[in-house]
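Here the structure is laid out as structure tokens; the discussion comes afterwards.
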Amino acid sequence: MSAPTGKTRRDPDRVGRFRFMDAQPVNLDGFAVEDPSLGLVAFDSPADPLPSLVVDEEGRVLEMDSRLREDFDIIDDFIAHHGLDLAMAPEAMAVPDLQLARMMADPGVPRSAIIRLVDGMTPAKLARCLAHLRPVELAMAMTKLRARRTPSNQAHVTNRSDDPLLLAADAATAAAFGFREIETTVPVLGDAASNAMAVSIGAAVGSPGVLVQCSVEEATELALGMRGLVSYAETVSLYGTEQVFVDGDDTPWSKAFLASAYASRGVKMRVTSGGGAEALMGAAEGRSMFYLEARCVALARAIGAQGVQNGGIDSASVAASVPRGVRSLMAENVMVMARNLEACTGNDALMSESHVRRTSRTLPILLAGSDYICSGFGSIQRYDNMFGPSQWNAEDIDDYLVMQRDWGVDGGLRSAAEPTVAALRERAVQAVRAVYRHLGLGDFTDAWAEQAIDAAGSKDVPAADLMTPLVASRIIRETGLTMVDVVAALYETGFEAEAERVLRMLKARVAGDYLQTAAIFDDSWRVLSLVTDPNDYAGPGTGYEPDPARQGEIDTIRQQRSMQDLRAEQAHHRSERLRVRGPARVGSDPREVVIGVSPAVGRELWSTLSGLAVVEVLDELLAGLEEEGCLGRVVRVNDTIDLGLIGLRAARLSGSGIGIGLQAKGTALIHRRDLPPLANLELYSVAPSVDAGLYRLLGVNAGRHAKGATPQPARNPYSDEAIEARYHTKVVALVGIERQCCLPQLDPEELEVAPWQ
Amino acid sequence: MAVTDTVGATGRDPAEVSLDTVREGEVSIADLSIHPDTLQHQAEVAERHGNPQLAANFRRAAELTALGDEEVLAIYEALRPHRCTFSELAALAADLESRGATRNAQLLREAAAAYARRGLLRR
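First to last, the sequence lines map onto chains A and B. Residue numbers for the first sequence follow the numbering used here, so the first one is 325 and each next one is one higher. Residue numbers for the second sequence follow the numbering used here, so the first one is 209 and each next one is one higher.
If you want it as structure tokens, here you go:
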């Protein structure tokens, strides 16, 4: 081969390290240079107004946030009319921004004191105060300021085919995992009524008291609520500029009326807003995302909504594209809490392709706790989420459960046992099937039902007929069916418990207690809200703490293993080939190599971390020695679990002075009788990755050491997997068992490895 | 307030509504809708918990319990931008006023004034 000639082809501006970095998932995300003219700025745009409030003697607001009354747009107008406590305003507007920020983060200042002051603050004033809070201070403020003491979570349940059976099965599954609200929507608007009905039935199968909504156009959603087909509403969007508000075909007055319309039927509702929406629609008026959101939140309070879903929502990735954008999303949530409203805290639309980045965005809110950590955790797979993939999806449920357990916090979810979920899915499918048949809405084949029960997603249900939900919805609309008819159908077809649950939810509309701020039902139908379960955090040792039963749910995940589990697993690999022959002797044959095994071998432990049985490992070691013309002899060292000492004990019993040490978990080394205990000739430390071939090589090399020949170099196998995360819990248990089997007064014993039968 | 203390919009006690009465077809969704007095009570609760705006919402809602679903949906539609002239909104407000829905009437009058000022009436 000739050496390369001519000019190098390397691009002088590029290096491999950056090409490698470019290929990482986070670089699929878009990042924007701050540009206030486009509204691409999180906090503090040059065009954000200075806070101000001028009120005349008749209580009319003459100026708010540097804008005169005659120049008020519709948002200013409504907030000035309805949103401010004008008696509190002089005191509130005079509080220095930093002072309020400190009060928010200080656990010694009660929530009520903050709420009272914020009532008198204009949007610009509150935005400036909150901009002072750093991330950990935001978390402190959230812990204290959220309305409800008990945190909770909301799920998305949708699928690509609006399959009623799969919707019901997945709604029951979401309820089993602990979600207390379920939001569905439609890829096909005509399917809305069927989806609402199927999800409501499925949720009732899964747990008592789970609230259900169907996110569609405002008037359609209200109509569903009026007929009891949903039990709350959330898709009532607010925007921070007049242009975008009107483009959304609403005004503050129409939204205020809508809020009252829901309440008039006893149906809970919250509004939706979120930073970045105005920039996304090209009408941010040069304002910062956070200031515009401050207007939305003030308006939400002004129209009489009990709560807000914000924290970016559909525009979360817009906010996240600018510096401090993710911080502003959390500050939006805290702002809602400071306005004494229910906070449904985003973590909804997926804001990054990077697992690291989306976890970073959610974690502080999970730790602080909110009324709903996610305003839409995709409890179904990403591809089935008709809102688009969520920040958290079915792919991540176990991750989320483990995160709750890691930090010991209540993120609203619990583990569900597989047989329980299987039974619930079957019951949900059969309930919807029965109700649809009873009401003449549609028939489902057995194959469809079977597929829906088992399915991990709609791709697993090829039997689904796309016309069924469309026809069912048309019949529901045209015949004026209500949830009362569903109750009757459930009861008639033998689903009495579910009929009772659906009826109970309708009766909740009569009492109206769940119209209050941040209300959910627990699974014994108790309303938990600002009124019945107020947040009383005042520092360490106060506020929400999971009760022992709930803590048990958080701590118990299905993947956990105990010492008993491990013993049973080991006993399963018990072998009759390993027999004790009596006390070990000192050998004299210079070709002899002694293999010393750890105390639990042949007593409690039979299988190594790599999955090889201990006897199989011994077979390989002995075969390797034989290849070198050496004699192998196996002894069990009973008085120590230290591998170096085991190897040294073996070497000192060995005629050649070379010994092999082997722990039951599979870690092995070669030792020599004149070395210090912690030294050795070769160490095979990554037990889970040592295979039969490598043990054979170890035997060969021990033989060569015995003969004074040159051993073959052996390398520990390489892996980029989290080997320690995978095996360390087992190692703790295995070492614990070794320790129990270790008897300091017991001398080494000779073991026979009987041939295969 | 417990469920048993409260009657539905039709005056029916939900405690009397059982699965059997539902199966007999003796129950309508209106029986399981909220009564205006309950909304007034919830308004007082909201006020005591520091949210007079939520209370105002419940009081407007109490008035709307007297209206049918179609009418409520129609008023919502009328309040959307560019749907009505000033006088149409004023007439709607007067009608509501005459039927005792004074708070909603006030909301509509306010809307009419704001829409006139900001160009959101029907052109």
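Virtual Cβ for every residue (Gly too), placed ideally from N, Cα, C. The structure displayed is predicted, hence computed values, not measured ones.
Query: From this set, 323(B), 248(B), 247(B), which residue's C-alpha is nearest residue 297(B)'s C-alpha?; Result: 323(B)
Query: Measure the alpha-carbon distance for residue 505(A) versus residue 556(A) and round it to whole angstroms.; Result: 9 Å
Query: Just by C-beta distance, which residues in the segment 622-641 of chain A are closer than 8 Å to chain B?; Result: 625, 626, 627, 628, 629, 630
Query: Of the residues that make up the segment 581-603 of chain A, which ones have a beta carbon closer than 7 Å to any beta carbon in chain B?; Result: 581, 582, 583, 584, 585, 587, 588, 589, 590
Query: Contact between the segment 444-458 of chain A and the segment 672-684 of chain A: three or more CB pairs below 8 Å?; Result: no
Query: For residue 724(A), which residues from the same chain have a beta carbon less than 7 Å from its beta carbon, with the 5 sequence-adjacent residues on both sides left out?; Result: 716, 735, 737
Query: What are the partner residues of residue 630(A), as DSSP defines its beta bridges?; Result: Answer by DSSP bridge pairing: none, since residue 630(A) is not bridged.
Query: How long is the line joining the alpha carbons of residue 406(A) and residue 626(A), rounded to whole angstroms?; Result: 5 Å
Query: If you reduce the DSSP assignment to three classes, tell me which class residue 965(A) lands in.; Result: coil
Query: Residues of the segment 258-275 of chain B with a CB closer than 7 Å to any CB of chain A: list them in chain order, please.; Result: 258, 259, 261, 262, 264, 265, 266, 268, 269, 272, 273
Query: Give the range of the alpha helix (DSSP H) segment to which residue 513(A) is assigned.; Result: Neither: residue 513(A) is in no alpha helix (DSSP H) and is coded neither H nor E.
Query: Taking the continuous beta strand (DSSP E) assigned at residue 336(A), which residues delimit it?; Result: Unbroken run through residue 336(A): none, as it is neither H nor E.
Query: Report all residues from its chain with a CB closer than 8 Å to the CB of residue 820(A); omit the five preceding and five following residues, and keep chain order.; Result: 814
Query: So what does DSSP say about residue 696(A), is it helix, strand or coil?; Result: strand
Query: Does the beta-carbon of residue 210(B) have 16 or more other beta-carbons within 10 angstroms, so that it is buried, or is it exposed?; Result: With a pLDDT of 43 at residue 210(B), under the threshold of 50, the predicted position of this residue should be treated as unreliable, and no value is reported.
Query: Counting only beta-carbon separations shorter than 8 Å, does residue 313(B) have a partner in chain A?; Result: no
Query: For residue 994(A), name the three-state secondary structure that DSSP assigns.; Result: strand
Query: Spatial neighbours of residue 389(A) within its chain, please: C-beta separation below 7 Å, excluding the five flanking residues on both sides.; Result: 373, 375, 376, 446, 447, 448
Query: Report yes or no: is there a C-beta of chain B within less than 8 Å of the C-beta of residue 772(A)?; Result: no
Query: I need the boundaries of the beta strand (DSSP E) containing residue 357(A), first residue and last residue.; Result: Unbroken run through residue 357(A): none, as it is neither H nor E.
Query: May I ask you to list the residues that DSSP assigns as paired with residue 387(A)?; Result: 378(A), 392(A)
Query: Would the beta-carbon of residue 750(A) fall within 8 Å of that of residue 777(A)?; Result: yes
Query: Residues of the segment 815-844 of chain A in Cβ contact with chain B at a cutoff of 8 Å, in chain order, please.; Result: 815, 816, 820, 823, 824, 827, 830, 831, 832, 833, 834, 835, 836, 837, 839, 840, 841
Query: Pick from 1014(A), 986(A), 972(A), 1015(A): whose alpha carbon is nearest that of residue 995(A)?; Result: 972(A)
Query: Comparing the C-beta of residue 305(B) with each C-beta of chain A, is any distance below 8 Å?; Result: no
Query: For residue 961(A) and residue 911(A), which I take to be in contact (beta-carbon distance under 8 Å), what is that distance rounded to the nearest angstrom?; Result: Incorrect: roughly 15 Å between the Cβ atoms, too far for contact.
Query: Can you list, in chain order, the stretches of the alpha helix (DSSP H) that have 4 or more residues and sit fully within the segment 619-690 of chain A?; Result: 640-644, 649-662
Query: If you pair each beta-carbon of the segment 846-866 of chain A with each one of the segment 471-478 of chain A, do three or more pairs fall below 8 Å?; Result: yes
Query: At what residues does the alpha helix (DSSP H) containing residue 935(A) begin and finish?; Result: That residue, residue 935(A), is in no alpha helix (DSSP H); it is neither H nor E in DSSP.
Query: Please confirm if the segment 878-888 of chain A is in contact with the segment 901-908 of chain A, defined as three or more CB-CB distances below 8 Å between the two stretches.; Result: no
Query: Return yes when the Cβ of residue 366(A) is within less than 8 Å of the Cβ of residue 652(A), no when it is not.; Result: yes
Query: Report yes if the C-beta distance between residue 499(A) and residue 531(A) is below 8 Å; otherwise report no.; Result: yes
Query: Kindly say whether residue 406(A), judged by its beta-carbon, lies nearer than 8 Å to any beta-carbon of chain B.; Result: yes
Query: Distance check for residue 326(B) and residue 384(A), CA to CA, integer angstroms please.; Result: 19 Å
Query: Are at least three pairs of beta-carbons, each pair with one atom in the segment 530-545 of chain A and one in the segment 223-237 of chain B, less than 8 Å apart?; Result: no
Query: How many Å lie between residue 1071(A) and residue 1020(A) at the Cα?; Result: 28 Å
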